[in-house]
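*Asks:* Numbering (this note's numbering), first residue to last: 2 to 865. Yeah, the Cβ is synthetic: ideal placement off N, Cα and C, and Gly gets one too. Mind having a look at this structure? Questions to follow.
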RNA sequence: GCCGCCGUAGCUCAGUGGUAGAGCGCAUCCUUGGUAAGGCUGAGGUCGGCAGUUCAAUCCUGCCCGGCGGCACCA
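Written as structure tokens, this is what we have:
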């Protein structure tokens with residue numbers, strides 16, 4: 002018996018796959034195509050278990066679809082621009098470009114070790130001049146179509162690092178790196194007009210039926226479309242200067258206009274600011290209101306406060322009805338118009354506010370079954386359906402009809418119009434960073450902002466760029482900025498902002514169709530390969546990346562660079578990789594590698610491997626450096642081989658759930674790999690003289706064949722349904738069956754049945770442990786390599802038993818069993834049942850009321 | 001607060017309107033020329049709780065409890 006040695010076997014098969022160009026994607030129009038893609042990694046230089054899981058999942062699909070006859074595209078690239086490279090430059094004085102490409106080289110080697118069925122000829126990095134140059138080309142096209150614009154915008158400015166910070170880089174109002182208090186600054190920023198596609202982005206979610214509902218809901222909430230109308234409230238007395246037109250409010254509940262109690266404006270509303278200029282108490286209130294708004298959670302619990310401005314406005318449906326105007330802290334300036342009318346009876350926020358300041362509460366929607374004479378609103382606003390009352394002209398209508406009628410009246414009066422508003426904002430893509438895609442524009446004193454002509458692209462980073470200081474190295478460079486205006490030829494300066502890296506990742510999947518094309522996207526190739534049939538990645542990208550990619554796809558489709566309007570037909574979001582945490586008595590985190598866990602009966606104890614100091618076993622948490630609960634993939638590969646690692650991450654949890662790494666688990670997978678090999682090793686090398694197992698079938702052989710065909714069916718269905726762990730569980734069971742099945746020397750039928758089983762097994766396990774599968778396949782004389790072999794087919798007739806064992810229940814409790822031919826009719830089963838002495842003994846003294854026979858499943862006797 | 005997911009063996013998880021399963025762990029035994037290993041056998045489960053539908057519920061329905069995730073004054 003030869004022991005299985007992954008260290009020799011695994012590299013050997015990877016070389017053979019390479020040699021055969023086994024994973025090259027070819028647009029073969031005679032076969033159905035399948036595009037499987039995992040979210041491409043940031044090249045940190047180090048593979049972690051999350052990557053292993055992510056890419057193993059995609060690899061299962063890629064190998065499975067290939068075996069099923071699809072023409073498969075499974076590419077790999079690098080999301081290579083971004084802050085970490087510049088941080089490395091600042092910390093270690095290295096060149097971001099060199100640092101990034103070094104990391105890519107290291108990670109590529111590690112990824113290749115995973116044995117992924119990837120077409121490496123299509124690899125690219127977003128920091129390749131070739132890639133971002135093409136990005137600049139289509140970015141200019143979007144500009145020409147009005148989808149790109151510049152606007153003054155408030156940003157978080159770190160005065161020490163001289164840079165703009167993203168919201169998540171601001172911690173407690175200070176820069177995460179410098180620790181300096183962050184300033185709000187107004188800067189001209191580049192924006193992409195994603196809001197122009199807001200409706201499509203919501204509506205098209207409907208058709209994405211192979212996306213998780215959770216992600217679709219999150220995107221829908223993020224876009225936050227709401228339908229309502231704008232209404233003008235004119236001032237009753239003299240209007241404040243500049244606001245003679247009144248206050249425009251936005252509402253989704255025009256049906257409740259007759260329940261209006263007051264008009265409220267946000268503390269940031271221009272009118273509020275104007276009032277504050279001449280009213281110190283209003284100014285003090287606004288300052289107070291702004292102070293409270295620190296964190297999201299605080300906002301929720303913050304008390305509603307308001308300030309009565311003394312101004313009053315007229316009700317749009319009744320000029321004699323005057324409403325006070327309040328400034329209130331719960332009104333947001335950046336939603337709708339920054340002003341509302343309040344209907345306390347039917348809005349909880351308004352009600353809280355009205356109760357606090359003693360403002361009127363008048364119900365106008367009557368809940369079903371309530372009496373208008375007695376219905377009253379307590380401390381809970383009524384937001385449900387009902388009939389409108391107390392509302393001349395709307396009375397009796399239901400809520401939806403009343404909304405429509407109210408909007409009609411408002412529009413007829415010229416006091417407003419129906420409107421749809423969104424929570425979604427335009428996408429700010431400016432980054433004051435050098436290590437990103439330069440925005441291809443110049444600023445000319447005469448001509449303004451001018452796009453760089455196509456034949457002058459790409460705009461690249463200067464070769465002698467000096468990183469390693471704070472701020473934007475492009476801005477600081479002595480000459481790079483200086484250029485001439487493409488329009489007038491006069492002196493001009495280059496734009497020094499670069500693009501958000503989310504732009505880079507918004508179209509890479511399309512570039513993979515032909516990464517060497519002259520145009521950004523090779524349309525013919527993209528028409529063949531797109532959309533991505535299965536996209537796989539972490540749920541943390543549920544909104545931003547996936548929304549941006551959908552938007553850019555639509556924009557590029559309108560540019561006629563793409564035919565699809567949705568990039569990802571199927572989306573799968575995998576769970577995180579977690580691990581137990583360990584802490585010393587002093588609270589210090591300890592790496593798993595330094596801990597020894599001892600099992601004593603049902604309790605587990607842990608101690609430092611060196612010294613034996615007891616260690617506290619903490620919660621299971623996402624692997625992270627800070628908690629030191631990471632496990633390095635390369636160390637696992639070294640000890641157990643790649644296949645065992647792949648098998649373990651695929652086998653232990655459903656892919657969408659969090660996965661708990663444990664050393665016991667990977668050891669179990671390793672043992673399974675060895676048991677599989679043993680089973681193949683015990684089979685005659687080079688295969689057998691084939692004898693059709695269907696001839697002279699014995700019961701033992703037939704049973705084994707049944708198990709084989711059932712396993713093929715079950716594993717196939719499990720992979721189709723993304724339940725890889727179930728599929729692997731079936732293979733574990735199947736191996737147990739094979740081990741238990743007798744081997745009788747000189748029984749050719751049995752041997753043939755076993756051979757059939759092993760031929761299937763090698764192919765079934767190939768998506769999970771591809772190297773092992775090849776070794777096994779070769780040993781038993783399989784033709785060619787497994788990667789070239791078709792997926793095994795099952796014979797439906799063999800997945801069913803000829804004789805069924807039916808449990809027999811008496812009054813719902815199991816009392817015995819009988820055997821009946823498969824498909825036996827109830828009458829036949831009853832006959833067998835009543836002939837069975839054990840069963841009849843059970844029925845002694847009872848009267849049979851009813852016999853329920855469920856074909857091939859069970860029998861239940863109802864008796865008294 | 002709202003929405004979603006989850007609760008099955010000590011642990012991680014399959015599964016099904018009809019006999020409760022796998023891996024790991026645990027126990028017993030065997031092997032000691034696969035040996036910082038291998039094998040046999042076994043114990044262990046009111047399938048989160050309560051009600052309902054059904055001949056029959058771990059599975060369907062409702063309510064409740066617990067865990068996780070997302071959203072959160074969006075008018």
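1. Mark residue 853 as exposed unless 16 or more other C-beta atoms lie within 10 angstroms of its C-beta, in which case mark it buried.
2. Let me know if residue 321 comes out buried or exposed under the rule of 16 or more other beta-carbons within 10 Å of its beta-carbon.
3. The alpha helix (DSSP H) spanning residue 358 covers which residue range?
4. Check whether the Cβ atoms of residue 42 and residue 18 lie closer than 8 Å to each other.
5. Inspect the beta-carbon positions of residue 105 and residue 90 and report whether they are closer than 8 Å.
6. DSSP three-state label for residue 295, please.
7. By a C-beta neighbour count over all protein chains shown, 10 Å radius and 16 as the cutoff for buried, is residue 87 buried or exposed?
8. For residue 521 and residue 136, which I take to be in contact (beta-carbon distance under 8 Å), what is that distance rounded to the nearest angstrom?
9. Around the Cβ of residue 534, are there at least 16 other Cβ atoms within 10 angstroms (buried) or fewer (exposed)?
10. Of the residues 621, 433, 375, 318, which one's Cα is nearest the Cα of residue 393?
11. In whole angstroms, what separates the C-alpha of residue 855 from that of residue 829?
12. Please report the straight-line C-alpha distance between residue 483 and residue 463, rounded to a whole angstrom.
13. Measure the CB-CB distance between residue 324 and residue 264 and report whether it falls below 8 Å.
14. Mind checking who residue 340 pairs with in its DSSP beta bridge?
15. Relative to the C-alpha of residue 304, which residue among 230, 291, 365 is closest?
16. So, does the segment 727 to 743 touch the segment 774 to 781, judging by three or more C-beta pairs under 8 Å?
17. Measuring only the C-alpha atoms, how far is residue 148 from residue 202?
18. Please state whether the Cβ-Cβ distance between residue 500 and residue 536 is less than 8 Å.
19. Can you look up residue 489 in the DSSP assignment and give me helix, strand or coil?
20. Have a look at 4, 412, 714 and flag the residue whose alpha-carbon is nearest the alpha-carbon of residue 798.
21. Going by other Cβ atoms of all chains shown within 10 Å of its Cβ, with 16 needed for buried, is residue 150 buried or exposed?
22. Anyone know if the C-beta pair for residue 23 and residue 229 falls short of 8 Å?
23. Residues in the same chain with beta-carbon distance under 7 Å from residue 793, minus the five sequence neighbours each way, listed in chain order, please.
24. What's the gap between the Cα of residue 1 and the Cα of residue 40?
25. Per the contact definition of three or more C-beta pairs closer than 8 Å, is the segment 575 to 591 in contact with the segment 544 to 563?
26. Using the Cα positions of residue 783 and residue 226, report the straight-line distance between them to the nearest angstrom.
27. Using a Cβ-Cβ cutoff of less than 6 Å, which residues in the same chain neighbour residue 192 once the five nearest sequence positions on both sides are dropped?
28. If we count Cβ pairs, one from each stretch, closer than 8 Å, do we get three or more for the segment 439 to 451 versus the segment 342 to 353?
29. Distance check for residue 139 and residue 316, CA to CA, integer angstroms please.
30. Rounded to a whole number of angstroms, what is the C-alpha to C-alpha distance between residue 709 and residue 849?
31. In the DSSP output, what is residue 230 paired with across the bridge?
32. Could you spell out the range, first to last residue, of the beta strand (DSSP E) harbouring residue 584?
33. Verify whether the separation of the beta carbon atoms of residue 705 and residue 665 is less than 8 Å.
34. Measuring alpha carbon to alpha carbon, tell me which of 639, 861, 862 ends up nearest residue 7.
35. Let me know if residue 489 comes out buried or exposed under the rule of 16 or more other beta-carbons within 10 Å of its beta-carbon.
36. When DSSP labels each residue in this structure, what does residue 425 get in the three-state scheme?
*Replies:* Concretely, from the data shown:
1. For this step, residue 853 is matched to residue 852 along the first chain. Exposed, since its Cβ has fewer than 16 Cβ neighbours within 10 Å.
2. The residue you call residue 321 lines up with position 320 of the first chain. Exposed.
3. Here residue 358 refers to the residue found at position 357 when the first chain is read from its first residue. Here the alpha helix (DSSP H) through residue 358 covers 349 to 358.
4. Sequence index remark: in the first chain, residue 42 carries index 41 (1-based). Sequence index remark: in the first chain, residue 18 carries index 17 (1-based). No, the pair does not count as a contact, with Cβ atoms beyond the cut-off.
5. Taking the first chain and counting its residues from 1, the one referred to as residue 105 is at position 104. Taking the first chain and counting its residues from 1, the one referred to as residue 90 is at position 89. Not a contact, by the Cβ cut-off of 8 Å.
6. The residue given as residue 295 occupies position 294 in the first chain. Per-residue confidence for residue 295 stands at a pLDDT of 44, beneath the threshold of 50, marking its modelled position as unreliable; no derived number is given.
7. What you label residue 87 is simply residue 86 of the first chain in a count that begins at 1. It is buried - the Cβ of residue 87 has at least 16 other Cβ atoms within 10 Å.
8. Working through the first chain from its first residue, we reach residue 521 at position 520. Working through the first chain from its first residue, we reach residue 136 at position 135. Right, their Cβ atoms sit about 7 Å apart.
9. Working through the first chain from its first residue, we reach residue 534 at position 533. Residue 534 is buried by the Cβ-count criterion.
10. As a working note, residue 393 is residue 392 in the first chain. Out of 621, 433, 375, 318, 318 has the C-alpha closest to the C-alpha of residue 393.
11. On the first chain, position 854 is the one that residue 855 refers to. On the first chain, position 828 is the one that residue 829 refers to. Taking the straight line joining both Cα atoms gives about 12 Å.
12. Reading the first chain from its first residue, position 482 is the one you call residue 483. Reading the first chain from its first residue, position 462 is the one you call residue 463. Computed Cα separation, rounded: 12 Å.
13. For the purposes of this step, residue 324 is taken as the residue at position 323 of the first chain. For the purposes of this step, residue 264 is taken as the residue at position 263 of the first chain. Yes, Cβ-Cβ distance for residue 324 and residue 264 is below 8 Å.
14. To locate residue 340, count along the first chain from 1; it is residue 339. According to DSSP, residue 340 bridges with 266.
15. One-based indexing of the first chain puts residue 304 at position 303. Of 230, 291, 365, the residue nearest in Cα terms is 291.
16. no
17. What you label residue 148 is simply residue 147 of the first chain in a count that begins at 1. What you label residue 202 is simply residue 201 of the first chain in a count that begins at 1. C-alpha separation (whole angstroms): 15 Å.
18. Against the first chain, residue 500 aligns to sequence position 499. Against the first chain, residue 536 aligns to sequence position 535. Cβ distance not < 8 Å, so residue 500 and residue 536 don't count as in contact.
19. Here residue 489 refers to the residue found at position 488 of the first chain. DSSP places residue 489 in coil when its eight states are reduced to three.
20. By 1-based counting over the first chain, the position of residue 798 is 797. Taking only the C-alpha atoms, the option nearest residue 798 is 714.
21. Within the first chain, numbered from 1, the residue matching residue 150 stands at position 149. Exposed.
22. Taking the first residue of the first chain as 1, we reach residue 23 at position 22. Taking the first residue of the first chain as 1, we reach residue 229 at position 228. No, the Cβ-Cβ distance between residue 23 and residue 229 is not below 8 Å.
23. Mapped onto the first chain, residue 793 falls at position 792. These residues qualify, in order along the chain: 713, 761, 764, 765.
24. Residue 1 lies beyond the residue range present for the chain, which begins at 2 and ends at 865; the question has no answer from this structure.
25. no
26. Counting from 1 along the first chain, the entry for residue 783 is found at position 782. Counting from 1 along the first chain, the entry for residue 226 is found at position 225. Near 58 Å, if we compare the C-alpha coordinates of residue 226 and residue 783.
27. As a position in the first chain, residue 192 is number 191, starting the count at 1. Counting only Cβ-Cβ distances below 6 Å, and skipping sequence neighbours, we find 150, 152, 427, 429.
28. no
29. To locate residue 316, count along the first chain from 1; it is residue 315. To locate residue 139, count along the first chain from 1; it is residue 138. Answer to the nearest angstrom: the Cα atoms are 50 Å apart.
30. One-based indexing of the first chain puts residue 709 at position 708. One-based indexing of the first chain puts residue 849 at position 848. For residue 709 and residue 849, the distance between alpha carbons rounds to 41 Å.
31. Taking the first chain and counting its residues from 1, one reaches residue 230 at position 229. BP columns for residue 230 point to 252, 419.
32. For this step, residue 584 is matched to residue 583 along the first chain. Here the beta strand (DSSP E) through residue 584 covers 578 to 584.
33. Taking the first chain and counting its residues from 1, one reaches residue 705 at position 704. Taking the first chain and counting its residues from 1, one reaches residue 665 at position 664. No; because the gap between Cβ atoms is not below 8 Å, this pair is not in contact.
34. Reading the first chain from its first residue, position 6 is the one you call residue 7. Nearest C-alpha to residue 7: 639.
35. Counting from 1 along the first chain, the entry for residue 489 is found at position 488. Classification for residue 489: exposed.
36. As a position in the first chain, residue 425 is number 424, starting the count at 1. Three-state DSSP puts residue 425 in coil, outside helix and strand.
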